[in-house]
Amino acid sequence: MLSKPIYNITPFTLLDYPDKSACIIWYSGCNMRCLYCYNPEIVLGKGSTSFPEAISFLQKRQGLLDAVVFSGGECLLHKNIVAQIKEIKEMGFLVKIDTNGSNTAVLKQLLQESLIDYVALDYKATASKFQTVTKTDLFSKFENSFAMLQESEIPFEIRTTFHSDLILEADWIEMIEYLTQKNYTGKYYIQSFKNNVETLGKLPSSAKMKEQECFSSLNFQVFFRN
Ligand code: SF4
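The opening position of the sequence shown corresponds to residue 183 in my numbering, with each subsequent residue numbered one higher.
Structural data, given as structure tokens:
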């Protein structure tokens, strides 16, 4: 039986690839268990779509969509993901990866073979809070992925989900200092946790984010997404 690694496909978006039209392929499964994750059904559930079915869909979108976003779950964990990305890139689509940064070997290969055009890398928390937020000890993997992207030529963004119980003011200061020390000059997106939606972990409602003084005078741009 054909394996079905894909949870589903969002056929059209103008929001997920900067200035491009795209579809999103949601790969099921993830190696993290972030308390605030909005996609428990994708993280814990099984796929419904095989890769050949995704290719059939994309064949009908050639010339109509600019890009394909590989998301999830964690798309880079999947067996054959490099070959799958290569096949879609060869169809003429730009490729964006949404990743938690944990699979450094695959990211390295994708960069070396010039198979990706844009990356959104999650910056979950400080090193000391990483376990609390993600239920994993993969902060060093995030660091390696970040370093590889910094050295690469391809554009990328960093993004953090804010929940007031998980990221305190002192954490922001540490996270901002970290990016500054690493000479990050790209875009940093901060997304507020949405209260009253189903999440992987049990979290109380989050308070609204305050304007932080530590966000002024930075070498990188900070954007807030509600
Ligand atoms: S938010 Fe965390 S658990 Fe959810 S898909 Fe992303 S990395 Fe996985």
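Glycine included, every Cβ here is placed at the ideal spot set by N, Cα and C.
Note that the structure is predicted; figures quoted are calculated from it, not measured.
Using only the alpha-carbon positions, how far apart do residue i and residue j sit?
{"i": "Phe338", "j": "Asn378", "result": "30 Å"}
{"i": "Asn282", "j": "Pro222", "result": "15 Å"}
{"i": "Glu335", "j": "Gly229", "result": "33 Å"}
{"i": "Asp198", "j": "Ser387", "result": "26 Å"}
{"i": "Thr231", "j": "Phe321", "result": "31 Å"}
{"i": "Thr381", "j": "Phe375", "result": "10 Å"}
{"i": "Leu196", "j": "Val250", "result": "11 Å"}
{"i": "Glu295", "j": "Gly383", "result": "37 Å"}
{"i": "Gly368", "j": "Ser203", "result": "22 Å"}
{"i": "Thr286", "j": "Leu258", "result": "9 Å"}
{"i": "Trp354", "j": "Cys396", "result": "8 Å"}
{"i": "Ser346", "j": "Leu226", "result": "25 Å"}
{"i": "Thr318", "j": "Gly245", "result": "41 Å"}
{"i": "Cys219", "j": "Phe344", "result": "11 Å"}
{"i": "Ala352", "j": "Ile191", "result": "38 Å"}
{"i": "Ile358", "j": "Tyr305", "result": "11 Å"}
{"i": "Lys390", "j": "Leu348", "result": "13 Å"}
{"i": "Ala329", "j": "Lys290", "result": "11 Å"}
{"i": "Phe324", "j": "Cys216", "result": "14 Å"}
{"i": "Asp299", "j": "Gln403", "result": "20 Å"}
{"i": "Glu356", "j": "Gln332", "result": "19 Å"}
{"i": "Pro193", "j": "Arg243", "result": "9 Å"}
{"i": "Phe239", "j": "Cys212", "result": "24 Å"}
Tell me, which residues are paired with residue i by DSSP?
{"i": "Gln291", "result": "Note: Gln291 sits in no beta bridge, so no partner."}
{"i": "Phe405", "result": "Tyr371"}
{"i": "Ser253", "result": "Trp208"}
{"i": "Phe344", "result": "Ser374"}
{"i": "Ile191", "result": "Ile207"}
{"i": "Ala302", "result": "Asp280 and Glu339"}
Got a sec, what are the start and stop residues for the alpha helix (DSSP H) residue i sits in?
{"i": "Ser238", "result": "Phe233 to Gln241"}
{"i": "Asp362", "result": "Note that residue 362 is Thr in the sequence shown here, rather than Asp. Here the alpha helix (DSSP H) through Thr362 covers Glu351 to Gln363."}
{"i": "Lys261", "result": "Unbroken run through Lys261: none, as it is neither H nor E."}
{"i": "Glu333", "result": "Phe321 to Glu333"}
For the ligand SAH, any of its heavy atoms closer than 8 Å to the Cβ of residue i?
{"i": "Tyr199", "result": "Annotation note on the ligand SAH: not contained in the displayed structure, which lists the ligand SF4 as its ligands."}
The beta strand (DSSP E) spanning residue i covers which residue range?
{"i": "Ala309", "result": "First-last for Ala309: undefined, no H or E at that position."}
{"i": "Leu226", "result": "It is not in any beta strand (DSSP E) - Leu226 instead sits in the alpha helix (DSSP H) that spans Pro222 to Leu226."}
{"i": "Lys278", "result": "Leu276 to Thr281"}
For residue i, decide whether its Cβ has a neighbour in chain D, counting only Cβ atoms nearer than 9 Å.
{"i": "Tyr371", "result": "No chain D is part of this structure, which consists of one protein chain only."}
Exercise. Three or more C-beta pairs closer than 8 Å, one from the stretch 311-326 and one from the stretch 260-279: is that the case here?
Worked result: no
Exercise. Would the stretch 193-210 and the stretch 248-257 be scored as touching if the rule is three or more Cβ pairs under 8 Å?
Worked result: Yes: the two stretches touch, three or more of their Cβ pairs being nearer than 8 Å.
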